Structures are given as C-alpha cells and as structure tokens.
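Let me begin by presenting the structure, written as structure tokens, before commenting on it.
Protein chains: 6
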Amino acid sequence: MRLQLASWPEVQEYLTDSTGIMMPIGSTEQHGPTGLIGTDAITAEEISWRAGELVNALVGPTISVGMAHHHLEFPGTMTLRPTTLVALIRDYIESLASHGFRRFLFVNGHGGNLATVGAAFYEIYQEFRQAHGADAPALRCRVLNWWDGSKVRALSDDLFGSRLGNHATPSEVSVAAFAYPGYVKHAELDPPVAPTGRFYDARDYRRRFPDGRIGSDPSMATPAHGERLLVAAAADLAEAYRQFMNED
Amino acid sequence: MRLQLASWPEVQEYLTDSTGIMMPIGSTEQHGPTGLIGTDAITAEEISWRAGELVNALVGPTISVGMAHHHLEFPGTMTLRPTTLVALIRDYIESLASHGFRRFLFVNGHGGNLATVGAAFYEIYQEFRQAHGADAPALRCRVLNWWDGSKVRALSDDLFGSRLGNHATPSEVSVAAFAYPGYVKHAELDPPVAPTGRFYDARDYRRRFPDGRIGSDPSMATPAHGERLLVAAAADLAEAYRQFMNED
Amino acid sequence: MRLQLASWPEVQEYLTDSTGIMMPIGSTEQHGPTGLIGTDAITAEEISWRAGELVNALVGPTISVGMAHHHLEFPGTMTLRPTTLVALIRDYIESLASHGFRRFLFVNGHGGNLATVGAAFYEIYQEFRQAHGADAPALRCRVLNWWDGSKVRALSDDLFGSRLGNHATPSEVSVAAFAYPGYVKHAELDPPVAPTGRFYDARDYRRRFPDGRIGSDPSMATPAHGERLLVAAAADLAEAYRQFMNED
Amino acid sequence: MRLQLASWPEVQEYLTDSTGIMMPIGSTEQHGPTGLIGTDAITAEEISWRAGELVNALVGPTISVGMAHHHLEFPGTMTLRPTTLVALIRDYIESLASHGFRRFLFVNGHGGNLATVGAAFYEIYQEFRQAHGADAPALRCRVLNWWDGSKVRALSDDLFGSRLGNHATPSEVSVAAFAYPGYVKHAELDPPVAPTGRFYDARDYRRRFPDGRIGSDPSMATPAHGERLLVAAAADLAEAYRQFMNED
Amino acid sequence: MRLQLASWPEVQEYLTDSTGIMMPIGSTEQHGPTGLIGTDAITAEEISWRAGELVNALVGPTISVGMAHHHLEFPGTMTLRPTTLVALIRDYIESLASHGFRRFLFVNGHGGNLATVGAAFYEIYQEFRQAHGADAPALRCRVLNWWDGSKVRALSDDLFGSRLGNHATPSEVSVAAFAYPGYVKHAELDPPVAPTGRFYDARDYRRRFPDGRIGSDPSMATPAHGERLLVAAAADLAEAYRQFMNED
Amino acid sequence: MRLQLASWPEVQEYLTDSTGIMMPIGSTEQHGPTGLIGTDAITAEEISWRAGELVNALVGPTISVGMAHHHLEFPGTMTLRPTTLVALIRDYIESLASHGFRRFLFVNGHGGNLATVGAAFYEIYQEFRQAHGADAPALRCRVLNWWDGSKVRALSDDLFGSRLGNHATPSEVSVAAFAYPGYVKHAELDPPVAPTGRFYDARDYRRRFPDGRIGSDPSMATPAHGERLLVAAAADLAEAYRQFMNED
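Chains as they are written, first to last, in my numbering: chain W, 2 to 249; chain F, 2 to 249; chain B, 2 to 249; chain C, 2 to 249; chain E, 2 to 249; chain R, 2 to 249.
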C-alpha cells in the first residue's frame, strides 16, 4: 500500500502489525539522449510499489530529487546538496518514527545517492542518541539498489550483457519505458556503446561523456524487457524486505 | 510536459522558447477519516499536469512532503522542518536556474506551506544577490494555491457551500478521488461537519479536531466532482501562468 | 512593562500571574524619501509598549531587523536571511519558555516578516516535539500586524483613504513621527501617490518603485495623526492580547 | 545619527563622506536584584548615540540579545546561540557592505559577547573571501567594550574602587539609571559586595552567585554617576572611532 | 613531505611543480580489547607519510576523528556528525584550493568514513559551481582505503587468511603496533575469532559484538607484520597517487 | 596517556578515577619564513602529552586545523570556518560526555582560536540545557594558552625579551624545533624583528606583515630552548589541570 493512498486510520491499523516501511529514492537527472530525466525516481517507485504488494508493506512518498551534481551540465538535471538530503531524510524518519515506524528500507534508483543516504543514517542515529539517550527508539535503516538483487541482475546480464553499462542503462530505461510507454524516445546513439571511466565534477563529466551515457547502449531498451525486469527486481526486493523485517 | 518524462535534449529545446516552469508542492498528512494522506501532493500535481498541457509549460517533480507538523498526532503524517524545506527549494531553483530557467510558479496544495515557501523565496533572492551581485540572474518566484482561482472557487462554493471547510475538504478529496478512484474510502463522520477554529501545535490540533477534519464534510466528495474541479483549477492555473510569463 | 526595564525578581513575580508576553518585530528598511528607516521597528515597539500598559503584559526586546531583502537597493536597508530569523526567534522563545513563558504574541510592523515568522513557529513546535516528546511544554505563538486591528484600520481609512498605499504609508510614517517628532523629514514626492504592483527581487523592486514607496502618499503623515493611530492600534492590540490569553 | 531615524537619501548622502558605522551590541540578562535586564543593550546604545553625535557617525540598530546562556537560571534572561549570533552579524554586515559600508565598530555592552563577535568577524572575512576572491571588499570589523576606554575606566575606579565588580556593576547600573531614571529599583543586597570567581554553565553560575551579581555593589549606582560615566565613555569611544577611521 | 613540517615558502615552491596532496583521514574509536583507539588515524597517516616520500607528495594534517557513531557504546570512542565532517572537509579543500591545490587524494583508515567523505565531495563540487560558475577551479577529489591496494591485500590474506575480519583486524592492529611498539596491549580474546554480521545503531553494535571486534583475531597482530603491511600499502598508495596525478 | 594510544578497556578503567581530559588544539598556518606550518598543533600536543604524564591525565586527539583565515594569503595555511569549529568541538564533547567525561581542558596553541573556542563552549552548554533540562550533565570547559603559564612566560621573557613578538615567535618555533629537530629551517629574516600592529582580513595581514611574522625574531629559536620551554609549559599546565580538577 502506498502511504499517499492510505487514510490515517489505515496507517494506524497497519502499525498494529508492522513497523516497517519502504522508502523509494531516485533522482531527477539526464539519462542520455533517450532516457527519461525521472528514470531513477520512476524505477525506484514502480519496483517498490510492486514489491510492497507482495509483502503487504507500506511504501512512503518517493524522494524524487537526489544527488546529481555531476549531471548538471545537462539541461533538466536537478540536485540537492548532500546536507539538504541528509536533513530531508532525517525529517522523514523523525516523522515516521514518531508514529512507531522502526525499520526503514530505502529502495534506491541512483547509485550516486548511496554515500549521502549512508551519511544520513549516521546523522539520524546520532541525533536520536543525543536527544534521547538510553530511551532512543531502536531504529534500523538500510538502503538497497534495486538492480543489485540476484534475479534482476541475472536477467539484466542475460538481456544486455556487456552493453548494460553504468548510466542510462538499457535496464533502467526499459523499466521506465514499461511504466510510461507513451514517453519512449528515439535518437541515434553515437557511439552505440558509450565510453566508460571515472569522473569528477559536472564539467568533467560532460567532457568525458558528451551525450550523458556511461558505458551503455539504451537502444536495447524495450517496455517488454522493462516488465520482466520490474517483476524480477520486485521479487528480489520483496525477499530483502522479508529478511530485513525478520532480522534479530 | 512533465520534466520527469522528458529527455535532456527535449528540455534543451524547451529552453529556447521559455524560461518558465511550474513546480507542484503538496504535503503528506492526514486528511480526516476518509481523505488520502497524499491528497495535497496529488491535487497539486494533477492540476499542474493538466494546466501544463494547456499552456505548454514544463512541470517539475512534485514536492510531496511539506509543512505538516500540526498533523503529526495522526499516524502517517510526515513533515519537513521549515529550514529543510527552505534548503530544498533553494536547491531546486539553483539547479534549474543553472540551465536558464527564470520564472518559477509553485502550485501549492497545502495552505500550511505558504509561509515557508515565501521564506524560501527570500532566502534564494538573497543568496543569489550575495553570490553574484549585479550579475545575479533575475529570478521570479511565485506561489499559488490551486483552490484560489476564480473558476474553481466558484465551482467549489456551488458544490459544497458552507460544508467546504478548511481541511479534508470535499473539494480536495474529490480531486484526489478522481485521480485515484480505486482508493476512495468510506467512514462515518461524526459530527458530519467538523468543528473550526484556530490551533497551535500538534497536540493542540488533535485536541480540537479529533478526527483530523476542520470545518468540512468530505462525505460530499465524488470523483465526478473531482473531475470538474480539476478542470476548473487547471484553467485558472493556466491563465495565471500565462500572466506570470507575460509580466513586465 | 518592558522586559528590558525590569529586574529579574520583577519577572519572577510576573510569572506567578501570567505566562504571556508581547514580542515586537519590525524591520530596518527604506521607507521612501521621507520615512524613517526604522519605521517598522519603531511602530511595533511603541504600540506594544502602550498596549502592554493597558493589559499589564510584559513586552520583550524589539527585533529591529527583519525580512527586507527586496529593499536592499536603497541605502541603509538591512535584512536577515530567513534562516537567521528562524534561528533567532527559536532562541528567543527557547529562552523565555525555559522561564515558564508559554504564550507569545508577536506584534509585527512589517508585512514582509509574516512568512518567515510563521515558518519559525513551525520550526519551534517541531523542535520542542522532537526534543521533549509528550513532555514538551504547550507553547502558543501568534503574530499580528498592528495595522490590522479594526479600530486602527477604520481610523487609517478615514484619515488617508486610497492614498494609504502599501509601503511608506502615511499611517506608519505618522506613528513614527509621533514617536520621534524631531526627525520628521520633508521631500517632494513625485508622483504624489506612488505606483503599485507586484515585485520580485531587490532590483525588480527598485525598477518598479524608484523612490521606495508603494501606492502611498506619506505627505499626509503628521505626528498628530500618529498619536491617534497609536492609541487605536494599542487598543486593538490590547483586546487581541486579552483574547489570546483567555483562549481555551 | 541613528540609522533607524534616517531616511534612505540621508544614508546615501552619508556614504559619500564616510564608510564607517557604529554597531551597538548588548544583552538581555539579569543584572542582580536591582539592575535592569536590558542594562547591556541600553548602555551600549546610549553611549554609541552620544559618541555618534561627537564624530558624525551613523549608529546602526542595537543588537539587544546576545550571549547570556550563563544567566538563564534567572527569569527574564534571553540568549542567542553562538551560531545564531554569528549568522545575525554576518547578515547585518552583508547588508551594510552592499551599500558601501566598510568599517564596522561594534560597541559592546556585555563581556560575554566578545568571543562570539570575534568568531563572527572570522566567518564574515572567510565568506567574503570565498564568495568574491580577489574582488572581495576590504572590510574592517572591530569590537570594543565601552568600559575599557581610559577616561571611563579612570572615572569608574574613582567612583567605585574595588566595589565595581564584574557583573551588575554600579557603573553599568548607573548609566542605565541615567537613561531610564523612572526605572531605578531598590533592594537589600546581601552581602553588600557580591562574591567573585570563575563559573561554567547556567546552574553553576546560579549556585555561585545566588542573586546574580559578581563582585559588585550596585547600591552605589546613581543617575548622576551614570551621566558622568556616559560622557566619559562616549568621549573614549569617539576617539577610538576616529582612530579606527583614520587607520591605514 | 608533511604539510605540518613545511614552511610556507616550501609549500609555495611545491606548488610550482604539483597541485596534488594526500589527506589522511582516520577515526577515534574502539578497536577491540587490544587495539588502539587511534588505530584508523595512525594507520592512515603512517601509510600516507611513507607513500608521500615515495612520490614526493605533500601530506596534509590527519583528520583524526571521523564517523564512529556505531562504536559509541565503548568508552573513548569519538565521532563527528556527518554534517560536521562534510563542513570540515569543505573547509580543508576550500583552504587548499585557494593556494592552487587541485587534486586531493584522501587516504582512508576507516570504512565507516566512506559515505560521508563521498557526500562531502559532492557538497564541495556544488558549492564551487554555485559560487564561481564557469570560473570554478577544476577540483578532483578521491578517497581510497589503504587496505584495498593489491599488494597489501595479498599480503594481508597471506598473513591472516579468514581471521582478518572486518573490525579490529590483525592487519590494522599490526600497522599501529609497528608505529607505536610501546603501546601493544594483550588481552584474552573470547571467542578467538569475533562474530560477524550486519549492525545498525550503537546499541545494536554492542549487543552483537560485545568486545568490539567484528570477525577478526587481532591476537595475530605483530609489529613485524605491521612493517610489511605498511610498506605494501605505501607502495600501493604511491602507485594510485601517480595514476591520479597523471589522469587526463 | 594519549587517548589514541589507549584501548577502550583502559579508558573504561580511567573513568573510574577521573572525569577529566586535556584536549590540544592548534592550527595549520604559516609561521614565517622558517617556522613550521604545524607549529601551533605541534606545540599544543607536545606540551599536553608531557603534562598529561605529570598528572596522569588522558589527552584527546589534537585539533590540528583551527581559525587561521587571516593567514590564508600564505601558501599552506588551512582554516575552518568558525561555525565548523563550533560544530566539531560540540561533537567532540558530546562524544566524550556520553562516556562520562565532565571536565575538558583545551590546551591552545594559537591565540586566534580563543574566540571561537569560547563560543563553542556556550553552544555546548546551551545545547545540553535545551536537550536535557535539569538532567543535563554538569560539564566544565576551559581553554588555556600554553604560553600563558607563569613558568613558561618567565623563561620566554628571559630568553627572548622584546624579540618574542606575537606570531612566529622564537618560543613556539623552539618548541616545534625540539619536537622535530630534523625540520629546522633557515632563512634570512628581513627585518630581523618583524613589524607589529593590528590587522583585519587576510589581504590586510599580508600587506602589513609581508613574510608572515608579527613582532618576532625567530632566528633566536633553538631546539635546546624548545626543550626548556616545553618542560616549563608542561609544568604550568599540569598545575592548571590539577586546580581545574579540584575546583569546587
């Protein structure tokens, strides 16, 4: 169930059974000539919603804008500063913890978010410890990339092999295409498989990856692949959530 | 066009014609026994998307969590601290201004956001002035409540009269019901029209408004009303956007 | 009684009877060719002091610098950033709440402050809730513009009609002139009634309102008018304070 | 001239001659059984206003609330957090520097402010350097305690000798009494001369100095002494300001 | 050369040849019954100093306290909040960049630092971009764990095999023992190899890992092993630094 | 005992006897043509370590980078912003206080740190008071300059007389030379004794003191003097620590 589509009595009822919640987090950033700017938010939330149904988990509102500084040389990219995202995640968890939520599984659609989300968890633990000492609630926060589960990884390797790449991948573009089939874009990709490598700031990124892709060939993306990937990723996530909730 | 559903070359193209963008901002908070927790975000984004099509305006990602401290005694409510929302809006505008966007129309779904959004605009103007002096880009930021347009206000008065109220109104509940007809909830409302009055912090709010509503009778809400309200509000918003873009 | 003119045993005594306090907040900003830069602080504090005597309320130290970014193109204007004002108000209330004060009526002399003061109240409620949970003191914070009371509004309409305007009004200039009769300035006002309209940042403001006034004719201001307005506003404020203290 | 009592064209005119300004900073804190809570703000502003006239210097709005955490066990005391005061002073100087002010002489009424004011100057220099590099304006900020000038120190020694003490001194109480003769308080002081010594936090302070005084006998204070002290301190300050403005 | 042991003319000379610098970052946290609390800072700095000599690189001052919230249930552990560490790293780089340094290789002694250091780099890139736009210097920041190089990893596997573990490892304990042979501690370790597993906040950590170790057997540590590990890690680091400096 | 060289059981044992700790704080800043950039950190830590042995006090990790904005025109200087140092000191004390430490003696190697360290203490007291009210632990924080003790001051006067000066003094250069005899530098100093005077920002500092020294003749520095000064300063500090721990 999506939190946004519940009423408060329904949430009250849910909390009598479970203190867990999934929190999708994406990004609003360029995804190459054909990928949607919202790809990372769309994939994270679609997979979370599907997995949420499999395990009867509540799914919180999607964090749509994440850490995308390095894409800012491409129009449409938006980013938070890390300190803003830390504050936002702290506020989200503070709110939900006040109702009794205790286990927070962040479902991540953008690798660039990982560092800052991890920093946010430290900030939260420390704030609760300082504010409440021995009485602080025992919060548990984790973050998972949706593409890291075993099922979706196997399928993605199978479908795209070495043309998967690292950014604007046919995998994520497929999932977004399945979610929004009316918005599939076409463009000639030159070279067909984008270059790879390390990068630093936004100008450095654009210099190295002129059309925005890293190592990928998103021309392989299709809505049909997207559906299969979504199903696989949701199954992986459902399993991870169950383990997370059952952990000692 | 939704920014999330565009590619970066499409945004680049858009910017050759316009520097304007609509930014939906809502809240994640209780809306009485039957209203969706995401009502304010859903209404703001649905109306913005519709209006965006009427005037060919880009619509940014929805800010789903706003200023809802006073609803925190009801499970499921989430809030940012004002300083977090100020930072978030600053980061959003900073990102978009770096691409050339100059006119930002925030479409608001929650009255409680107004003060902090207004404060954020001041913070942004001052930061740009301090950082860039005479070279600062001439940003223009405005915020509008979607229910304040003349067409939607007339319709709302006509449909609900004095049973509209101030929170969990049949108007907003109708728009959300139209958007998500599968999630319409039913509950006995007692009293049928909720009490009204001023309130202070979250405990004070719950004491005065035990089921969360203020002055409203959301049992009057229907998806059909919602569609009409959505059309009216989008027309109002489209007109306001045109004026905003044409202002000297 | 002004807090600044009390001793600590007097405050201790006061707290045995009342937990209320008035907090004047103004601004330090241009007020047209003839208005004092301190007009908004002076009016807020003079009216608070007078009203404080009528209802035996303590009056805190005036916040002299507020939200005046949009006036910065005029020499002498000072502004806080919104986040600074939020922190300042939080610190003021935190200090006073530690002594037992619970009801804070901010008496505002500058419309531009309203948004940020409102944001500050949210921040405070949330900080106290997070720090103290169910044990948080039940704070009540309100803000009133001194010119919004019924008596002073009627008098102002009567004296100035449509030439009152929105900034550097003959009403506020009169009150300041009554308070500081030795500092009344004279200048030719061209046009006699200033233009009106919406504005955005500081440069936009100066472009639209070249001498700083909005819609007003402050040549109508006199110390005698100021005294009558001060008396009316103080009576309105005294009544509002009584209601605030008696609220359930 | 007090900035608050000037119009913007007057400030514009002033800036053609001078880039200097005096900034009074005080505190709102207990001053023993008889001293005014606003003593430090009152003394700083009265002396600044007098000195301002001697040297034709503009005097900014008084910072009334400073660093008074250690007095918080006494009702009526208010304090900012150091980080708030740093932000406030940064905003003040940022505003004034944008008009062309360059030399800022803070006139201090409370020893406890010195550390944080000094920290604020560092923050400002660093922010301007980071924002503007080689183009940063050459700001000069200093802070002086009004009781440290040679004339006022000699007079104070002469009048009060070893009964001057460190807090709630007859010197500062006299200056405030001269400024507000209607608010002179009387109370038996026991012991007549308060104890002295180091202290740490607020509870420690109250334990060591039960009536709030440190080392002082404020029963020696009179308005007449206050006038002489005010004149002496203003002369010292005028001389310091001249030197500050003439420094290479 | 250590920056701390250079004079400013020596740094000026260095900058004519290179814009690179190594920055050791560690932690101050429990390392089991026998490990030094400063292990992570000591290892990072000793390896950096050695590597700095191999490649004539300047080595900045060690960041001794890092992200160690999860160890706070063990006496002596210290931690920064993530937002503090982000600010600290920003200030360090801001300072050094003002002199002309451009490539910053952080040599990390504590895995828990990685997320926050990564977040800090994003914050820095974004701040420079916002402050300086197209004129921002092209900064490059990387972070490496000293134990991740191929030579040191091979040696560590060879020496300790599966008893290496994750915290209070015989590898890090050996390096610290080589650096401070007078401070080698002895204690019975029970069980000899500590348990492993995931953890959340500080209380959860102590519950799972009662003596502080994770998966390790530090009884295998010796100063002699430490010397070999130090030499290997420094060689790895020297190579990584050379590549970093030669990157396009 | 240095905290960094202790194990957590050793700290646990220490806390059964004492709640005191010494905290060295220095700076990373130019010290004239011959002084080490790390002089202030080196002197503070060497003296603290020696004194710690005299009184069996634990010595925390050195804060190596302090408030050195005014030296930034000299290559190699690093500085924190005051707000960063306040946060860092708060985090240090928060961590240590959670283990039971109560008395914190900061041993300072750089006069420029004093203001901000003092501000930090206020921030800490206020945060603990706000978070914990009457249950806040009774923290005591003090800061001492190592050169202010009577023994070291007498010796320094005796050795260097009026050529001691204020920055890059032969006293601090001697102590650092004793600690790191392999890094003694030589350069012609012109003039032999540097000029003195007040300064404002970094550019102003460099203009007035072109080689970085203020009023000093560091050519008088020797390692042998350094040893004597170190011994004297450590004896002074040991005595100050004893008094601090025995204070009522």
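A virtual CB, placed ideally from N, CA and C, is assigned to each residue, including glycine. This structure is a prediction, so every number in the text was calculated from the model and none was measured.
Chain-order list of residues whose beta-carbon lies under 7 Å from that of residue i (same chain, five-residue window excluded)
| i | result |
| --- | --- |
| residue 45(B) | 25, 26, 27, 63, 108, 109, 110, 147 |
| residue 178(C) | 185, 222, 223, 224, 227 |
| residue 31(C) | 38, 72, 75, 77, 78, 213 |
| residue 172(W) | 148, 157, 161, 165, 230 |
| residue 104(C) | 20, 21, 141, 245, 246 |
| residue 198(W) | 209 |
Cβ-based burial, residue i [other Cβ within 10 Å; buried from 16]
| i | result |
| --- | --- |
| residue 151(E) | exposed |
| residue 92(B) | buried |
| residue 159(B) | exposed |
| residue 33(C) | buried |
| residue 8(B) | buried |
| residue 191(E) | exposed |
Proximal residues to residue i (C-beta, below 8 Å), its chain only, five neighbours per side dropped
| i | result |
| --- | --- |
| residue 118(E) | 26, 86, 90, 107, 109, 144 |
| residue 43(F) | 27, 37, 110, 176, 177, 180, 181 |
| residue 242(C) | 21, 23, 52, 56, 58, 106 |
| residue 81(W) | 66, 67, 68, 89 |
Nearest residue (CA-CA) to residue i, options the options
| i | options | result |
| --- | --- | --- |
| residue 113(F) | 120(B), 112(B), 113(B) | 120(B) |
| residue 66(C) | 47(B), 95(B), 82(B) | 95(B) |
| residue 194(C) | 167(C), 82(C), 240(C), 217(C) | 217(C) |
| residue 153(B) | 14(B), 40(B), 236(B) | 236(B) |
| residue 234(R) | 29(R), 115(R), 129(R), 50(R) | 50(R) |
| residue 125(F) | 116(F), 155(F), 88(F), 170(F) | 88(F) |
| residue 10(R) | 100(R), 191(R), 82(R), 132(R) | 100(R) |
| residue 15(W) | 115(W), 41(W), 97(W) | 97(W) |
| residue 249(W) | 8(E), 206(E), 155(E), 239(E) | 206(E) |
| residue 155(R) | 232(R), 115(R), 196(R), 116(R) | 232(R) |
| residue 102(F) | 12(F), 8(F), 7(F), 239(F) | 12(F) |
| residue 70(F) | 47(B), 127(B), 133(B), 41(B) | 127(B) |
Residues bridged to residue i [DSSP beta-bridge criterion]
| i | result |
| --- | --- |
| residue 29(C) | 79(C) |
| residue 179(B) | The partner list for residue 179(B) (beta bridge, DSSP) is empty, contrary to what the question assumes. |
| residue 114(W) | Residue 114(W) pairs with nothing; no bridge assigned. |
| residue 215(W) | 168(W) |
| residue 107(R) | 24(R), 144(R) |
| residue 64(E) | 26(E) |
| residue 3(C) | 60(C) |
| residue 36(E) | 32(E) |
Nonlocal neighbours in the same chain, by C-beta distance under 6 Å from residue i, ignoring five residues either side
| i | result |
| --- | --- |
| residue 4(R) | 59, 61 |
| residue 35(R) | 186, 188, 219 |
| residue 239(F) | 52, 55, 56 |
| residue 129(F) | 137 |
Worksheet item: Do the stretch 10-21 of chain E and the stretch 220-232 of chain C touch if we need at least three Cβ pairs shorter than 8 Å?
Response: no
Discussion item. Taking 8 Å as the cut-off, does the stretch 201-210 of chain C touch the stretch 136-143 of chain R (at least 3 CB pairs, one atom from each stretch)?
Written reply: yes
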